[in-house]
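Novice: In terms of the numbering used here, the sequence shown opens at residue 290 and continues consecutively. To start, I am sharing the structure in question, which I have written as structure tokens.
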Amino acid sequence: MFNHHLPDIPLPSQWAGTIKSAVLHVVSLAHFAIVGARGWAANSINARVRLAAENDQLRQEADLLREELRIKDARLSKINPRRRPYYSPAERMAILELKAARGWSLAQTARAFLVEPDTVAAWLKRIDEAGPSALVQLHQPVNRFPDFVRHVVRRLKVLCPSMGKVKVAQTLARAGLHLCATTVGRMLKAKAKTPPPKEPQAAEDAEGPVQAQRVVTAKHPNHVWHVDLTIVPTVSGFWTAWLPFSLPQCWPFCWWLAVVVDHFSRKVMGGAVFRKQPSSKQVCDFLAATIRNAKATPKYIVCDKGTQFWCSPFKRWCRRRKIKPRFGALGQHGSLAVVERLIRTLKAEGLRRVLLPLNLRRMREEIAAVVGWYNRASYCLTSLCACHIETKLSRRWSCGLGIPLLGPLNDLLGGRTLEVLSVEYPRSIGQRMAEGDLPCFGSQRRWQRQLCRRVPV
290 MFNHHLPDIP LPSQWAGTIK SAVLHVVSLA HFAIVGARGW AANSINARVR LAAENDQLRQ
350 EADLLREELR IKDARLSKIN PRRRPYYSPA ERMAILELKA ARGWSLAQTA RAFLVEPDTV
410 AAWLKRIDEA GPSALVQLHQ PVNRFPDFVR HVVRRLKVLC PSMGKVKVAQ TLARAGLHLC
470 ATTVGRMLKA KAKTPPPKEP QAAEDAEGPV QAQRVVTAKH PNHVWHVDLT IVPTVSGFWT
530 AWLPFSLPQC WPFCWWLAVV VDHFSRKVMG GAVFRKQPSS KQVCDFLAAT IRNAKATPKY
590 IVCDKGTQFW CSPFKRWCRR RKIKPRFGAL GQHGSLAVVE RLIRTLKAEG LRRVLLPLNL
650 RRMREEIAAV VGWYNRASYC LTSLCACHIE TKLSRRWSCG LGIPLLGPLN DLLGGRTLEV
710 LSVEYPRSIG QRMAEGDLPC FGSQRRWQRQ LCRRVPV
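In structure tokens form, the structure reads like this:
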């Protein structure tokens, strides 16, 4: 090898004035490179490489959360202790539970939460106080022993996530509380009691002339469908330090998600996952597969004026199947509210609470789980889920309806085949309803009045 001296690159004359900008560019470039490499590793054929990518993602998330907490604590520590906000009684109880889980002393707990050791000691001394003015309280009042057991099981799962239901049962048995593993699992799956939402007050009619507009009314299931596209970031955001100040909206930085929801029953008819923004043909193939899976063709499809819908191929596809495309009215309340609310719920309640995988198959599994949760039994309708509402008028109770989750199998190779992944619902709910365990709710017309909505287009 030739051992010659490489030419030195001179520094710019004003390099010292752009140090902070250069730091942001370096961090953004490192983030771009790491996400790209991690996306390649997540789809590797080697199981060890996939596991290394998952572990690296978890370590980075833990380090970033630790740095975020450090910055917040540094800001709060600069405030005068007498001017800092007080912890609520429920937060004090959570601090003491975390102290017990970590084995912290009074000094360690005080340093972690920016309080004095005497304050933590006072919380421990007055922990058994009762009444609404107690210094330390539970998040929810526990007045019965079963509620206490349920609270203990849930807090153990939160503070010790590695413990399974068998280990939790064994730990409680050492404390003299004997529970079987199935009981612990049922307590963990049960939802916490929340107060019923308040009914919205009827707003007064707006004054002024009402403009005439066309509306589409859903009269029965599979009459009006909504379809829309959205992006789901695999990282926290898209910002970067260089032009155009945004990362590419494609894999591995985000997934493209297409959803179809029935306007009458609010049931998610299908979902598709794409690596990049889908074309009009891919959307049409997804809708065709959804129609085949549902064994029903809608009369109307309501969508926005995106490039996939506001084009000749999509309109020709609708004409061949005798479907009337309708585009949501701009600025009209309720025009696209159903599908927008669905997308918001899928993101806020499901996808943003987990680290999204970079593997296509695992991402489809995540979407299948969230869609299955969305079509679960609704407590406000007395344990009726979307598929029950869909078949209420015909008195056919069946929960074995598959949700098609479609996506391109080989985008990198330019393939055109779509893979269908279905998720099945438990039959126990359908059996319960078939046996007549659930009450009946009025006549057919009453259900129509309650569930029909008018869509301005």
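Ideal Cβ placement from N, Cα and C applies to all residues, glycine included.
Look up Gly328 in the DSSP assignment and say whether it is helix, strand or coil.
Specialist: Helix.
Novice: Look at the Cβ atom of Glu543, then the Cβ atom of Pro510, and state whether they are nearer than 8 Å.
Specialist: According to the sequence provided, residue 543 is Cys. The question's Glu does not apply to it. Contact flag unset, no.
Novice: I believe Val562 touches Asp517 by the beta-carbon criterion, under 8 Å. Please report the beta-carbon distance rounded to the nearest angstrom.
Specialist: Not really, about 14 Å apart at Cβ, beyond 8 Å.
Novice: Compute the Euclidean distance between the alpha carbons of Pro715 and Val660, then round it to the nearest angstrom.
Specialist: The predicted model places Pro715 with a pLDDT of 37, which falls under 50 and marks its position as unreliable; any figure quoted below should be read in that light. Whole-angstrom Cα-Cα distance: 14 Å.
Novice: Taking contact to mean 3 or more Cβ pairs, one atom from each stretch, closer than 8 Å, check whether the segment 312–332 and the segment 639–648 are in contact.
Specialist: Taking 8 Å as the limit for Cβ pairs, the verdict is that the segment 639–648 does touch the segment 312–332.
Novice: Could you tell me whether the Cβ atoms of Thr579 and Gly595 are closer together than 8 Å?
Specialist: No. Outside cutoff.
Novice: Quick check on the burial criterion: 16 or more other C-beta atoms within 10 angstroms. Buried or exposed for Ala311?
Specialist: Ala311 should be labelled exposed.
Novice: Check whether the segment 369–387 touches the segment 409–425, taking contact to mean three or more Cβ pairs, one atom from each stretch, closer than 8 Å.
Specialist: Verdict: yes, contact present.
Novice: What alpha helix (DSSP H) runs, 4 residues minimum, are completely inside the segment 383–438?
Specialist: Fully enclosed alpha helix (DSSP H) runs of 4 or longer: 395–402, 406–414.
Novice: Tell me the rounded alpha-carbon separation between Trp304 and Leu313.
Specialist: Each residue's Cα considered, the two are about 14 Å apart.
Novice: Ordered along the chain, which non-local residues of its own chain (more than five positions away) have a Cβ less than 8 Å from that of Gly325?
Specialist: Cβ neighbours of Gly325 beyond the five flanking positions: Pro541.
Novice: Between the segment 565–582 and the segment 591–610, do at least 3 Cβ pairs fall closer than 8 Å?
Specialist: With a cut-off of 8 Å, the segment 591–610 and the segment 565–582 count as touching, because enough Cβ pairs lie within range.
Novice: State the CB to CB distance for the pair Val591 and His515, rounded to an integer number of angstroms; the pair is presumed to be in contact (CB under 8 Å).
Specialist: Between His515 and Val591 the Cβ distance is about 5 Å, and since that is below 8 Å, they are a contact.
Novice: Taking only the alpha-carbon atoms, compute the straight-line gap between Ile692 and Ala585 and give it to the nearest angstrom.
Specialist: Reliability of the predicted coordinates at Ile692 is poor, the pLDDT of 37 falling under 50, and the value obtained from them is presented with this limitation in mind. Cα to Cα, the separation comes out at about 14 Å.
Novice: Output the distance between the C-alpha atoms of His428 and His467, rounded to the nearest integer angstrom.
Specialist: When rounded, the distance between both Cα atoms is 25 Å.
Novice: Would you mind listing the alpha helix (DSSP H) stretches within the segment 550–628 that are 4+ residues and don't spill past its ends, in chain order?
Specialist: Taking only runs of at least 4 residues, the alpha helix (DSSP H) segments lying wholly in the segment 550–628 are 569–583, 601–609.
Novice: Short of 6 Å in beta carbon distance, which residues of its chain neighbour Pro301, apart from the five on each side in sequence? Order them along the chain.
Specialist: Nothing meets the Cβ criterion.
Novice: Rounded to whole angstroms, what is the Cα-Cα separation between Gly453 and Pro614?
Specialist: One C-alpha to the other measures close to 50 Å.
Novice: How is Pro522 classed by DSSP in three states: helix, strand or coil?
Specialist: Pro522 falls in the strand class under three-state DSSP.
Novice: Please report how far the alpha carbon of Trp662 lies from the alpha carbon of Pro370, in whole angstroms.
Specialist: So the two alpha carbons sit approximately 44 Å from each other.
Novice: Have a look at Lys456, Arg463, His320 and flag the residue whose alpha-carbon is nearest the alpha-carbon of Val473.
Specialist: The residue with the shortest Cα to Cα distance from Val473 is Lys456.
Novice: What is the residue span of the beta strand (DSSP E) that Val504 lies within?
Specialist: Residues 504–506.
Novice: What is the C-beta distance between Gln597 and Val572, in whole angstroms, given that I count them as a contact (C-beta under 8 Å)?
Specialist: Indeed, because the Cβ distance is near 5 Å, the residues count as touching under 8 Å.
Novice: According to DSSP, is Leu477 part of a helix, a strand, or is it coil?
Specialist: Three-state result, Leu477: helix.
Novice: Given a threshold of 16 other Cβ atoms within 10 Å of its Cβ, counted over all protein chains shown, does Ile360 qualify as buried or as exposed?
Specialist: Ile360 comes out exposed.
Novice: What does a CB cutoff of less than 8 Å around Phe603 pick up in its chain, not counting 5 residues either side in sequence?
Specialist: Counting only Cβ-Cβ distances below 8 Å, and skipping sequence neighbours, we find Ser569, Val572, Cys573, Gln597, Pro614.
Novice: Using the Cα positions of Ala637 and Glu343, report the straight-line distance between them to the nearest angstrom.
Specialist: Going by the C-alpha atoms only, they are around 22 Å apart.
Novice: Quick check on this structure: which residue in Ser422, Leu445, Val628, Val550 has the alpha carbon closest to the alpha carbon of Pro378?
Specialist: Comparing Cα positions, the closest option is Ser422.
Novice: On the DSSP bridge list, what partners appear for Trp514?
Specialist: Asp551, Ile590, per the DSSP bridge assignment.
Novice: Per DSSP, which residues does Trp544 bridge with? Please list them.
Specialist: For Trp544, which the question treats as bridged, DSSP gives the partners Val521.
Novice: Taking buried to mean at least 16 other C-beta atoms within 10 Å of its own C-beta, is Ser554 buried or exposed?
Specialist: Answer is buried; the Cβ neighbour count reaches 16.
Novice: Using C-beta distances below 7 Å, list every residue in its chain close to Thr634, excluding the 5 sequence neighbours before and after it, in chain order.
Specialist: Excluding residues within five positions, the ones whose Cβ falls inside 7 Å are Tyr663.
Novice: For Pro406, which residues in the same chain have their Cβ closer than 6 Å to its Cβ, ignoring the five residues on either side in sequence?
Specialist: Hits under 6 Å: Leu395, Ala396, Ala399.
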